[in-house]
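In what follows, a structure is listed as structure tokens, so that the remarks can point back to it.
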Amino acid sequence: MTELTTTVSKSNSNNLLRRDVRFLGNILGEVLVHQGGNELLEIVEKIRETSKSLRSLFLPELHSEFKELINSLDSENRHQVIRAFAIYFQLVNIAEQNHRIRRKRDYERSAGETVQPGSIESAIQGLRERDFSHEEVREIIQGLSLELVITAHPTEAMRRAILDIHKRIADDVMYLDNPTLTFREREQLREKLLNEVITLWQTDELRDRKPTVLDEVRNGMYYFHETIFHVLPDVYEELERCLSKYYPGQNWHVPTYLRFGSWIGGDRDGNPSVKASVTLQTLQMQRKLAIREYQRIMRELMKYLSFSTSIVDVTQELLDSIEEDREIINLHRGDAWRNDNEPYRIKLSYMISKTQNVLDDEKKGTPERYISPEAFIHDLNVIDRSLRHHYADYVADTYIKKLIRQVELFGFHTATLDVRQHSQEHENAMTEILEKMNITPDYSKLPEKEKIVLLEGLLNDPRPLTSPYQNYSESTEECLEVYRTIFKAQDEYGKKCITSYLISMSQAASDILEVMVFAKEVGLFRKDNDGTVVCTLQAVPLFETIDDLHEAPQIMETLFNLPVYRQAVLAMNDMQEIMLGYSDSNKDGGVVTANWELRVALNEITATADKFGIKLKFFHGRGGALGRGGMPLNRSILAQPASTIGGGIKITEQGEVISSRYSMKGIAYRSLEQATSALVTAAVNARMPQTELDESKWEEIVKQISEVSLNKYQDLIFRDPDFLTFFKESTPLPEVGELNIGSRPSKRKNSDRFEDLRAIPWVFAWTQSRYLLPAWYAAGTGLQSFYDGKEENLSILKTMYEKFSFFTTLIDTLQMAISKADLVIAKEYAGMGKNEEARQRIFGQIDAEFKLTSELILKITGQQDILDNVPVIQESIRLRNPYVDPLSYLQVQLLSELRELRDQDGDDAELLREVLLTINGVAAGLRNTG
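Just so we're aligned, residue -10 is where the sequence shown starts under our numbering, counting upward by one.
Quick look at the structure:
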């Protein structure tokens, strides 16, 4: 692979990307020769060249020759070829990520001349240029709120060991830019990288078992330890720097507007491994991480705070605090600082001890440990004031200010943990409890209105509903134990450790009220005799299907009309959190309808809340793939209707998105900086809405398009009796379940029903087989229904693309999906279907819809080719495809062999292993799993 290159740009910056890819490609070529001889390299090169030729000009005879070449590989060579192409993509992805950091550094080197688009400075500069006063800017900043929630959704196909090697390679490749490197140093760097690629070649890409939930917690915590803990405060510092630059003379301390949460260890929907005890262990692990980070930072601080009282005068406040610590804390001899003239080091030694004691339950309630993060911040402020007293303010700004910000952001819990469970679990538990208490024989059969009356009465009734003398089923006992655990956690780790309880498949007001009743049972909700309501846990409905989105405004109005529920919302800062599911709505209704109905639901739920004077925080359950609402973080913020962001935004960060955004500090910083810039822009848009006279007409057009698209989508997905079989046979769906990438099962129940299949494997399988069907199918038919060959209608669609942001985003998302899909290769997967008539009929429909969608996108955008509007991505996909294609053809061959063997009750572990390797390789090549 000595000629593998990327990008054809002549700019110096892109030439460096080309250099890196060629450099890594050459090293991989050497590794192939070293590990498999010249024969292996020659085979790989021949496959690569044939694949490139086929992409340049598709000829049937060349296509046949290419397939024969793939099919002729013996088992040993086939295995090596799969790994060669898969590892190549890993190296290219590393080079491209490094290049993003390089581009940002290029902008920063020209500081004062060019401000990078999408940066925090560009947003604040824009406010200054539009003559926003400092009072208006302060109001905007005060209103910002974004929470990014990492999840353990099983879409990260790579092992932690592989990601660690990637990080080392990335660091070494970045070092190539150092102009002071000598010739020998470059040679040593090359040798080091050669060793890393050999290590990568000889490290197993596949997990030998499914990760446990606590494994997933550790993986999630890795990103906090490596990047988030350090980068997030820098984003705040940059925002304050820009505010001071463009609005000088003001004292800027940015409030906490951007923070992280987690589902890992709290999300039990469909995952029986997430027990209450696991949730408690998760919180313990998160606390330990925060404390360990603070201790590491304070030990580092001791090196710098060597100020001596023989030279400077520290504050009496600092000296008094040291004396107070000395009276209550007995430091071990090795922990005490022995130089009495260095008070900061003495103070830090006591602070390290007090943070250590936070982890010691025996010290609970004693002054030997910090009772809260605020107490820790108090001590840091004592140090800060003293440093400024003797004019060491630069030191205070550099070290203490950042640590204070870290404590403000991460507290003693690192990240707020959300709990999630399916609504059916709550109904089952409630039915059993109410039957045992002789309140109603079968709660589940009650009409919705009667359920609401009953549950409202229980919330107003101070008496307990459960009895310690009753025996409940294991599932009901576990349901109750979760709430007890939350109460215990809030007592131990602070109220912020868990604040939201998400209810999957919320389809009625009773689904939310059931959670409130369970919360009341353990003390998380309480109505006192004077009518005062205390509530420390919010029930958060998750609306997922198209029907649920339709019902959501009425469900929320029903809840807000209940005095006891309204009081509960008031107790939670008069804020209601609501989650919207992008994955299941797409799976249920297709990409056009899902996007449209989500927009409608956002606006209608907001209007409902406005009637009651309630602020809303919308939680957007976006996945990494296009078929699950995936898009860059800043675009996902700007895609929301401006009027719906007032109470704040939450967004999930799932699977491979976490590693791509947060593995490297430079990438993490850029992503969070862009998110901040987008937040400011969205807040300004909300204050100064740009109304279009035609927007209501455009919305009516999209509504019509959505209705036709929905019918087209459901005709195939739900109403074609052969579709589900076609899907299973013409994608690697069954085998995806054997890839050990998550603790959660791929189905909610042990069922083959489409409704029970999770959205992640649904999208993952279509992506692997190159259809990417969930991300574009039925869009063409919907658009055609309005266009209908009429030029005046096409003109309207063109205007909508130009001026209607929702439609622009929709069309551009479709472009991205169409560009990544490949129906020539998808046809090879379709060939695995056993029913020829069904196979040809269904693939024919998909192929026709693909062509129609592509044709209409070009008409609407006025482009010659798909993705002409973003040539960098267009070129990246064009150059990647010839290297992904061999893996896809190999996957089809291997799947066919494996399934034929299994049909005869046989199996082959090595064959399955090769299938799974191709899955990893295609995922790396397309930069998407699910």
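Each residue gets a CB set at the ideal place from its N, CA and C atoms; glycine is no exception.
Predicted, not measured: the structure shown is a model, and the values here were computed from it.
- Counting only unbroken stretches of 4 or more residues, the alpha helix (DSSP H) elements lying wholly within the region 516 to 569 are 535 to 549, 552 to 560, in sequence order.
- Excluding sequence positions up to five before and after A768, its CB lies within less than 7 angstroms of the CB of V580, V581, S698, L803, T842, all in the same chain and listed in chain order.
- In the assembly as shown, V371 is a buried residue. Its beta-carbon has 16 or more other beta-carbons within 10 Å.
- When DSSP assignments are scanned along the region 620 to 664, the uninterrupted stretches of alpha helix (DSSP H) that are 4 or more residues long and fall wholly within it turn out to be 622 to 627, 645 to 651.
- With contact defined as three or more Cβ pairs closer than 8 angstroms, the region 16 to 31 and the region 783 to 799 are not in contact.
- The residue among S61, L5, H68 with its C-alpha nearest the C-alpha of T907 is H68.
- Counting every other CB atom within 10 Å of its CB across the protein chains shown gives M505 a total of 16 or more, marking it as buried.
- By the Cβ neighbour-count rule, F74 is buried, with 16 or more other Cβ atoms within 10 Å of its own.
- It is roughly 29 angstroms from the alpha-carbon of N167 to the alpha-carbon of D386.
- A distance below 7 angstroms between beta-carbons, with the five flanking residues on each side excluded, links A667 to the following residues of its chain, in chain order: N623, I626, L627.
- The C-beta distance from I83 to A159 rounds to 5 angstroms, short enough to meet the 8 angstroms contact threshold.
- For Q410, the enclosing beta strand (DSSP E) covers residues 408 to 411.
- R394 and Y388 have their C-alpha atoms roughly 10 angstroms apart.
- In this structure A265 is not in contact with E54, their Cβ atoms being roughly 60 angstroms apart against a cut-off of 8 angstroms.
- DSSP lists G250, T641 as the beta-bridge partner residues of V138.
- In terms of CA proximity to V20, N184 leads the group I139, R117, N184.
- S495 carries a coil assignment under DSSP once its states are collapsed to helix, strand and coil.
- Counting only runs that start and end inside the region 346 to 412, the beta strand (DSSP E) elements of at least 3 residues fall at 408 to 411.
- A Cβ-Cβ distance of about 6 angstroms is found for the pair L58 and I36, placing them in contact under the 8 angstroms criterion.
- A residue is called buried once 16 or more other Cβ atoms fall within 10 Å of its Cβ, and R759 is buried on that count.
- Taking 8 angstroms as the cut-off, the Cβ atoms of V553 and Y490 do not count as close.
- Judged by DSSP secondary structure, L890 falls within the alpha helix (DSSP H) whose first and last residues are 860 to 892.
- Taking 3 residues as the shortest admissible run, the region 445 to 499 contains the following complete beta strand (DSSP E) segments, listed from N- to C-terminal end: 489 to 493.
- Annotated three-state conformation of F121 is coil, per DSSP.
- Annotation for F607: the continuous beta strand (DSSP E) segment containing it runs 604 to 610.
- Nearest to A810 by alpha-carbon distance, out of G914, R650, Q131, P750, is G914.
- Closest option to M340, judged by alpha-carbon separation, among D892, N60, L307, D897: L307.
- At a Cβ-Cβ threshold of 8 angstroms, I800 and T850 count as neighbours.
- The three-state reading of DSSP puts L900 in helix, counting H, G and I together.
- In the structure shown, the three-state DSSP call for D256 is strand.
- Under the 10 Å beta carbon count, V224 is surrounded by 16 or more other beta carbons and is classified as buried.
- In the three-state reduction of the DSSP assignment, F707 falls in the coil class.
- Just so you know, the alpha carbons of N550 and T597 end up roughly 11 angstroms apart.
- When the Cα atoms are used, Y380 and L272 turn out to be separated by approximately 40 angstroms.
- Residue environment analysis places S456 among the exposed positions, since fewer than 16 neighbouring C-beta atoms fall within 10 angstroms of its C-beta.
- Three or more Cβ pairs closer than 8 angstroms define a contact, and the region 494 to 501 meets that threshold against the region 520 to 535.
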